[in-house]
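Asker: Going down the list, the protein sequences come from chains A and B. Under this note's numbering, think of the first position of the first sequence as 5, with each following residue one higher. Under this note's numbering, think of the first position of the second sequence as 947, with each following residue one higher. Here a beta-carbon is modelled for each residue, glycine too, at the ideal position from N, C-alpha and C. This one's a predicted model, so the numbers in the text were calculated from it and none came from an experiment.
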Amino acid sequence: MSAISSSLSRVGTIAGNTFLEAVRQRFFIALLVLAAGLLVSTEFLREFNFGASEVRFIADIGFGALVLFGSVLTITVTAQLFFAEIESRTALTLLAKPVRRGEFIVGKFLGVWLVVLIFCVIVTLLVCAVLATREAEILAADPDAGDALVSYGAVIAAAAVQWVKFGVLGAITLLLGSYSNTNLFSVATALLVLVICHLQYLARDVWERGGSAVAQVGAGLLGLLFPNFQLFNLADLVTAGEPFGAALIVRVTLYGLAYIAVFLALASFSFRRREI
Amino acid sequence: MSDAAESSGMFPFLRDRLVTVAVTLVVLTATGFVLRPLEATAWAEVRARGAGIDAAGLEGAVGQGVVAGLLGGFRALAADFLWLKANSNWEEMDLPATQTTIRAVTAIDPRQLYFWVNGARMIAYDMPVWRIERAGGPDAVPASVQARIDEEQARVALGLLADAQRFHADNPTLVIEVANIHLRRLGDVATAAQLYREAAELPGAPFYAARIHAELLRNLGRRHEALEWLVGVHPTLPRDVPEAMSGIVLARIHELEDELGVSAESRYNPVAR
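(1) Sorted by chain position, which residues of the same chain lie with C-beta nearer than 6 Å to glutamate 1189 of chain B's C-beta, five sequence neighbours on each side aside?
(2) Quick one: is glutamate 1203 of chain B buried, meaning 16 or more other Cβ sit within 10 Å of its Cβ, or exposed?
(3) Around the C-beta of leucine 926 of chain B, are 16 or more other C-beta atoms found within 10 angstroms, so that it is buried, or is it exposed?
(4) Can you tell me which of the three DSSP states lysine 101 of chain A falls into?
(5) Between the alpha carbons of alanine 250 of chain A and arginine 1185 of chain B, how many angstroms are there, rounded?
(6) Find the residues of chain B that neighbour aspartate 146 of chain A, judging by a C-beta separation of less than 7 Å, and give them in chain order.
(7) If you check the beta carbons only, do valine 125 of chain A and alanine 63 of chain A fall under 8 Å apart?
(8) Can you pull the chain B neighbours of tyrosine 263 of chain A, defined as C-beta to C-beta under 8 Å?
(9) Taking Cβ-Cβ distances shorter than 8 Å, what residues in chain B pair up with arginine 104 of chain A?
(10) Report the option in B/Ala1025, B/Ala1145, B/Leu1104 whose CA atom is closest to the CA atom of aspartate 1055 of chain B.
(11) Between tryptophan 989 of chain B and leucine 235 of chain A, how many whole angstroms is the CB-CB distance? I'm expecting something under 8 Å.
(12) When you compare only the Cα positions, how much space is there between threonine 966 of chain B and serine 274 of chain A?
(13) For histidine 1170 of chain B, count neighbouring Cβ atoms within 10 angstroms of its own Cβ and tell me buried if that reaches 16, exposed if not.
(14) Check whether the Cβ of leucine 960 of chain B lies closer than 8 Å to any Cβ atom in chain A.
(15) Thinking C-beta only, is leucine 173 of chain A closer than 8 Å to leucine 198 of chain A?
(16) For a test of the three-state rule: what should DSSP assign to isoleucine 280 of chain A, helix, strand or coil?
(17) Does the beta-carbon of arginine 105 of chain A have 16 or more other beta-carbons within 10 angstroms, so that it is buried, or is it exposed?
(18) Taking just the CA atoms, how far does proline 1118 of chain B sit from glutamine 1058 of chain B?
(19) What is the DSSP secondary structure of tyrosine 1214 of chain B, reduced to helix, strand or coil?
(20) So, with DSSP's three-state summary, where would you put leucine 24 of chain A?
(21) Put methionine 1073 of chain B into one of helix, strand or coil per three-state DSSP.
(22) Roughly how many angstroms separate the alpha carbons of threonine 137 of chain A and alanine 239 of chain A, rounded to a whole number?
(23) With a Cβ-Cβ cutoff of 8 Å, do alanine 1160 of chain B and leucine 1176 of chain B count as a contact?
(24) Who are the neighbours of tryptophan 1076 of chain B on chain A, taking C-beta pairs under 9 Å?
(25) Let me check understanding here. Comparing Cα to Cα, which of A/Val210, A/Leu188, A/Val37, A/Phe233 lies closest to glycine 222 of chain A?
(26) Cα-Cα, which of A/Thr22, A/Gly66, A/Leu72 is closest to phenylalanine 87 of chain A?
(27) Answer with buried or exposed for leucine 226 of chain A, where buried requires no fewer than 16 other C-beta atoms within 10 angstroms of its C-beta.
(28) Could you work out which residues of chain B lie near asparagine 232 of chain A, taking near to mean beta carbons separated by less than 8 Å?
(29) Against chain B, with Cβ distances strictly below 8 Å, would isoleucine 142 of chain A count as a contact?
(30) Report yes if the CB atom of leucine 85 of chain A is closer than 8 Å to the CB atom of lysine 112 of chain A, and no otherwise.
(31) Just curious, the alpha helix (DSSP H) that serine 190 of chain A is in, first and last residue?
(32) Quick check: is the beta carbon of methionine 947 of chain B nearer than 8 Å to any beta carbon in chain A?
(33) Looking only at its own chain, which residues have a Cβ that is under 7 Å from the Cβ of alanine 1103 of chain B, when we skip the five neighbours before and after it?
(34) Does any C-beta atom of chain A lie closer than 8 Å to the C-beta of valine 1187 of chain B?
(35) List in chain order: all unbroken alpha helix (DSSP H) runs of 4+ residues lying wholly within the segment 26–91 of chain A.
(36) Using a Cβ-Cβ distance cut-off of 8 Å, determine whether aspartate 151 of chain A contacts chain B.
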């Protein structure tokens, strides 16, 4: 029992230090400012809106900012902080102490995930504020529009699911970092994996529709090897009439958490004999 | 050579790397298998609500810088910018480009009826005119060829609207759009009449759908059916809503009764009901 608690304590210490290092970075602030700027600019981008209702358009831009900048933040900060420890040799000092490599990986992951949580909370609050402002204007101008145009519970749930996805992305970046030798390679490969994970369902469509045997095998493998990131895009459903149920959120969250556990285990396995 | 490599640690290094890659692939494949039932249930629900893109429509989006946007969300914004591109193509009367961008817009954001309806209108009503103009104009092109072009474009538009109905089941606006294409481009009044009836019976249907159904039945010479339909519809029309045109429907009923020679005691009397 004391072994577990001391292990958790070591993980917590590494996570805490990683978190502090990450929030001190200008990059974090810069991405936060960019996301906030994009959200505020919805006032002007509304002029380009043809099809969507205004609140749906604002929600789309808000979640777009969250997903885009959140993904960039997760990949870059994870890779940067992981390699910073190796390049500055602090990892060597740390791992010379009774710290397991798996604990180092999990600590790094939790630190970054906490930073991404802060980012998600701030951007989601901004999205809710912009939505609430516009909703109040619309309802004041047209009392027949109804009582509420947005389900803020659904907005928060959709953002929470995105945070779980960022967790999967962070764990993937750690796996790539544990295998590769450079920060740049890890970032570039993680971005590529992000694209594949977002579009893997298209490969599965090809698989299900048939086609050549080679294409089917390739598409089937892609669908198995990479998690389906499009599943986490509940933001598309936030203003889609009927709200999504808690069962869907639970399923998607479990799916994400299972992948986080698997990628962290693989990262620890890959890191076990790496020369530092 | 091999001794040198082994002594330098290259083989253990390569072996370790290969083992790591193999274990990663096996574990991820197994995870994919294990999580497939959980994922499939959730994905079916998410996709049925319009998330994700239709692969068939993606061709038009490639090269437009839209796919990158889709990865980071911005679906509505990406579709809006591509819709501008579709309109620019439409102004240039570039048929393949317009058709492709319409497909791409609806693939990216199938949630918006606006894109489906207006895209179908461009294809069904504008594109036949372009094609006929390009073939020499309405005076030079034989009527049979013009009819064929009309039908070809109408079929493309109907295909688009059929796809729209996968995302917007039981939407009266789409059913009315299909009915209009049957009526105006294919000259199929009977199908249009049937579709107007289907639209009128859907929740949220505009009041005019019921009136047009009766009018088309009248044009088809099925006046008894038209009268019966309007007599059924009239009591459901609110009198305080101008668009319901309750008075006009009543006048139509009386016109039909006159045409059909309905006896005074059998005539429709809303007060008596």
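Answerer: Straight from the coordinates:
(1) Close CB contacts of glutamate 1189 of chain B within its chain, under the 6 Å cut and outside five residues either way in sequence, are with Phe1153 (chain order).
(2) In this structure glutamate 1203 of chain B is buried. Its beta-carbon is surrounded by 16 or more other beta-carbon atoms within 10 angstroms.
(3) It is not possible to answer for residue 926 of chain B, since the shown part of chain B is limited to 947 through 1219.
(4) Residue state for lysine 101 of chain A is assigned as coil, using DSSP reduced to three classes.
(5) In a straight line, the C-alpha of alanine 250 of chain A is about 43 Å away from that of arginine 1185 of chain B.
(6) Within 7 Å Cβ-Cβ: nothing; aspartate 146 of chain A doesn't reach chain B, min ~17 Å.
(7) Cβ atoms of valine 125 of chain A and alanine 63 of chain A: not closer than 8 Å.
(8) The answer, in chain order, is Thr977, Leu981.
(9) Those do not exist, as arginine 104 of chain A stays about 18 Å from chain B at its closest Cβ, beyond 8 Å.
(10) When only C-alpha atoms are compared, the closest one is B/Ala1025.
(11) The pair is a contact, with the Cβ atoms about 5 Å apart (cut-off 8 Å).
(12) Linking threonine 966 of chain B to serine 274 of chain A through their CA atoms gives a straight-line distance of about 6 Å.
(13) Flag for histidine 1170 of chain B reads exposed.
(14) No - not a single Cβ of chain A is within 8 Å of the one on leucine 960 of chain B.
(15) Result yes, Cβ atoms of leucine 198 of chain A and leucine 173 of chain A sit closer than 8 Å.
(16) Coil at isoleucine 280 of chain A, not helix or strand.
(17) Using a 10 angstroms sphere on the CB of arginine 105 of chain A, the tally of other CB atoms reaches 16 or more, which defines it as buried.
(18) Distance between the alpha carbons of glutamine 1058 of chain B and proline 1118 of chain B: 14 Å.
(19) DSSP places tyrosine 1214 of chain B in coil when its eight states are reduced to three.
(20) Here leucine 24 of chain A sits in helix by DSSP.
(21) Methionine 1073 of chain B falls in the helix class under three-state DSSP.
(22) Approximately 19 Å, taken between the alpha carbons.
(23) A Cβ-Cβ contact shorter than 8 Å links alanine 1160 of chain B with leucine 1176 of chain B.
(24) Below the 9 Å Cβ cutoff, chain A contributes no neighbours of tryptophan 1076 of chain B, its closest Cβ being approximately 22 Å away.
(25) The residue with the shortest Cα to Cα distance from glycine 222 of chain A is A/Val210.
(26) When only C-alpha atoms are compared, the closest one is A/Thr22.
(27) When all chains shown are included, leucine 226 of chain A counts as buried.
(28) Neighbours of asparagine 232 of chain A on chain B, chain order: Glu985, Trp989.
(29) So, not an interface residue.
(30) Less than 8 Å separates the beta-carbon of leucine 85 of chain A from that of lysine 112 of chain A.
(31) Counting along the chain, the alpha helix (DSSP H) containing serine 190 of chain A begins and ends at 187–213.
(32) Note that methionine 947 of chain B scores a pLDDT of 44, beneath 50, so its modelled location is shaky and nothing firm can be said.
(33) Hits under 7 Å: Ala1066, Ile1069, Ala1070, Ile1127.
(34) Closer than 8 Å: no.
(35) As summarised for the segment 26–91 of chain A, the continuous alpha helix (DSSP H) elements at least 4 residues long and confined to that stretch are 30–44, 46–49, 58–91, given in chain order.
(36) Chain B contact via Cβ: absent.
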